[in-house]
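Participant:
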Amino acid sequence: MFQSRRIDMHVHMVGNGGEGSGGWLRLKGWHRWLAGFMLRQLGVPASALEGDLEQIYSEHLVELVRASSMDSIVLLAHERVHDPDGTPREDLGSMFVPNDVVLGLAEKFPEFLAGVSIHPARTDALDELERCLEGGAVLMKCLPNCQNIDPSDRRYRSFWERMAAAGLPLLAHTGGEHTVPIINPALADPKLLRFPLECGVTVIAAHCGTGSGAFDRDYFDDWVAMLPEFPNLYGDISALVSLNRCAHLRDCLRDPKAAGRILHGSDFPVPVLGHRLWLQGWIDRTTFRRCQKIGNPLERDWQFKRALGFPEETATRAAGLLRR
Ligand SMILES: [Zn+2]
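Written out as structure tokens, the structure reads:
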């Protein structure tokens, strides 16, 4: 039955360590405003940023999943920035969601699947990987450009090989990013993922390499060009129903090389805005209004994609890839 489950495979856990998880949230300027905005449009008061955010957020989220077309979601931890020698940089980055937070929530709620996050340069990276495998992790998520990870670094061979042997896919952010501070923009390049792919890891390029703003480099064509060479390479269409990242959404549907490699993810709590899909004539006004007024952001994102023509398998495909 798991094989036919509809899964949103890209949902962020957000927390402030209020329950003693060890996590933290450090928001300044634009990022603080953005976080408050995201929470308010989900119906969570911005004051939750100072309160017991983990609990408020996870209980709100599980209700959204139950009220949506999705059977489950992959809930993502968020690793800290590290130097290439493995030194954690607590002074950089905007949040830390420890793996135990998502492993614990996945145990508590059957709707949640644990997406852990481990910087492969950590001195305890392999031990942490084993611990997460035992805890039931279904994938490993990282943001190379924001967490300072060069996936092509040959020192990470044993880490990638262990992931491949365990059947744990890598979900790696590709393309620009505007909700988390960037440490090294060059690490947004999907071509750096050739090394984990060659080590046998199933790799999902989050956002299919698309740019996030007008001045970002766009790597969509680089990602597409890698698909024939690597049958273990996929891409997710998370955050693509948006004002800034939607340019290639229809290409994901139309490019014959991409067919069969696209996975549904929402990137919740990133706002779901379908205005440009309508303004570009991809959907009509009635469809736009019907979808945009759906109050549940998880469902709104999925319905926009269905309206564009993404098939049912876009949401069920992940079930065959995630570690069980
Ligand atoms: Zn994301």
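Residues 2 to 325 in our numbering are what the sequence shown lists, from first letter to last. Cβ coordinates follow ideal geometry from the N, Cα and C atoms, glycine included.
First and last residue of the alpha helix (DSSP H) that includes Lys29?
Facilitator: No alpha helix (DSSP H) holds Lys29; DSSP gives it neither H nor E.
Participant: If distances are taken between C-alpha atoms only, which option among Glu230, Leu188 and Thr203 comes closest to Gly210?
Facilitator: It is Leu188.
Participant: Report the residue ranges of all beta strand (DSSP E) runs contained in full by the region 199-276; include only those spanning at least 3 residues, in chain order.
Facilitator: For the region 199-276, whole beta strand (DSSP E) runs of length 3 or above, ordered along the chain, are 204-207 and 234-237.
Participant: Heavy atom of ligand 1 less than 7 Å from the Cβ of Ser267, yes or no?
Facilitator: No, ligand 1 has no heavy atom inside 7 Å of this Cβ.
Participant: Alpha carbon to alpha carbon, how far is Gln4 from Met71?
Facilitator: Whole-angstrom Cα-Cα distance: 13 Å.
Participant: Name the DSSP bridge partner or partners of Gly116?
Facilitator: Gly116 pairs with Leu77 and Leu140.
Participant: Check whether the region 226-238 touches the region 37-55, taking contact to mean three or more Cβ pairs, one atom from each stretch, closer than 8 Å.
Facilitator: These segments do not touch.
Participant: Does Ile57 come out as helix, strand or coil in the three-state DSSP assignment?
Facilitator: It is helical.
Participant: If you drop the 5 nearest sequence neighbours on each side, which residues of the same chain put their C-beta closer than 6 Å to that of Lys142?
Facilitator: Result list for Lys142: Leu77, Gly116, Ser118 and Leu172, in chain order.
Participant: Considering only the beta carbon of each residue, do Ile183 and Leu93 sit closer than 8 Å?
Facilitator: No; because the gap between Cβ atoms is not below 8 Å, this pair is not in contact.
Participant: Kindly indicate the opening and closing residues of the alpha helix (DSSP H) around Asp302.
Facilitator: Note, Asp302: alpha helix (DSSP H), Pro298 to Leu309.
Participant: Since Met10 is in the beta strand (DSSP E), which residue starts that stretch and which ends it?
Facilitator: Ile8 to His13 is the span of the beta strand (DSSP E), which, as asked, contains Met10.
Participant: Over what stretch of residues does the beta strand (DSSP E) that includes Leu171 continue unbroken?
Facilitator: Element bounds for Leu171: Leu171 to His174.
Participant: Within its chain, find whatever has a CB closer than 8 Å to the CB of Pro99; leave out the 5 residues flanking it on each side and keep chain order.
Facilitator: For Pro99, where only same-chain residues beyond five positions count, the Cβ hits under 8 Å are Ser22, Gly23, Gly24 and Ala78.
Participant: Could you compute how far the alpha carbon of Val273 sits from the alpha carbon of Gly19?
Facilitator: Approximately 27 Å between the Cα atoms of the pair.
Participant: What separation, rounded to the nearest whole angstrom, lies between the Cα atoms of Leu198 and Ala167?
Facilitator: Using only the alpha carbons, I get a separation of about 14 Å.
Participant: How about Ser239: is its Cβ closer than 7 Å to a heavy atom in ligand 1?
Facilitator: The answer is yes for Ser239.
Participant: Can you give me the start and stop residues for the alpha helix (DSSP H) that Ser159 sits inside?
Facilitator: First-last of the alpha helix (DSSP H) with Ser159: Arg158 to Ala167.
Participant: Measure the CB-CB distance between Asp217 and Gly176 and report whether it falls below 8 Å.
Facilitator: Yes, Cβ-Cβ distance for Asp217 and Gly176 is below 8 Å.
Participant: How many whole angstroms separate the CB atoms of Leu264 and Thr180, which I take to be in contact at a CB cut-off of 8 Å?
Facilitator: That belief does not hold up - the Cβ atoms of Leu264 and Thr180 are roughly 20 Å apart, past 8 Å.
Participant: Tell me the rounded alpha-carbon separation between Val63 and Pro186.
Facilitator: Answer to the nearest angstrom: the Cα atoms are 34 Å apart.
Participant: Quick one: give me the first and last residue of the alpha helix (DSSP H) that Gln148 is part of.
Facilitator: Here the alpha helix (DSSP H) through Gln148 covers Pro145 to Gln148.
Participant: Hey, would you say the C-beta of His32 is under 7 Å away from at least one heavy atom of ligand 1?
Facilitator: No - ligand 1 has no heavy atom lying nearer than 7 Å to the Cβ of His32.
Participant: Please indicate yes or no: does the CB of His179 lie closer than 7 Å to some heavy atom of ligand 1?
Facilitator: Result no, Cβ not under 7 Å from ligand 1.
Participant: Of the residues Gly310, Arg156, Ile57 and Arg81, which one's Cα is nearest the Cα of Arg255?
Facilitator: Comparing Cα-Cα distances from Arg255 to each of Gly310, Arg156, Ile57 and Arg81, the minimum goes to Gly310.
Participant: Is the closest heavy atom of ligand 1 to the C-beta of His13 under 7 Å?
Facilitator: Answer for His13: yes, Cβ within range of ligand 1.
Participant: Taking a contact to mean a Cβ-Cβ separation below 8 Å, would you say Ile74 touches Phe113 in this structure?
Facilitator: Against a cut-off of 8 Å, the Cβ pair of Phe113 and Ile74 comes out as a contact.
Participant: For Met71, does the three-state DSSP call read helix, strand or coil?
Facilitator: The answer is coil: DSSP assigns Met71 none of H, G, I, E or B.
Participant: Residues in the same chain with beta-carbon distance under 7 Å from His249, minus the five sequence neighbours each way, listed in chain order, please.
Facilitator: Only Cys209, Thr211 and Phe221 meet the Cβ criterion.
Participant: Between Leu144 and Met96, how many whole angstroms is the CB-CB distance? I'm expecting something under 8 Å.
Facilitator: About 11 Å separates the two Cβ atoms, so there is no contact after all.
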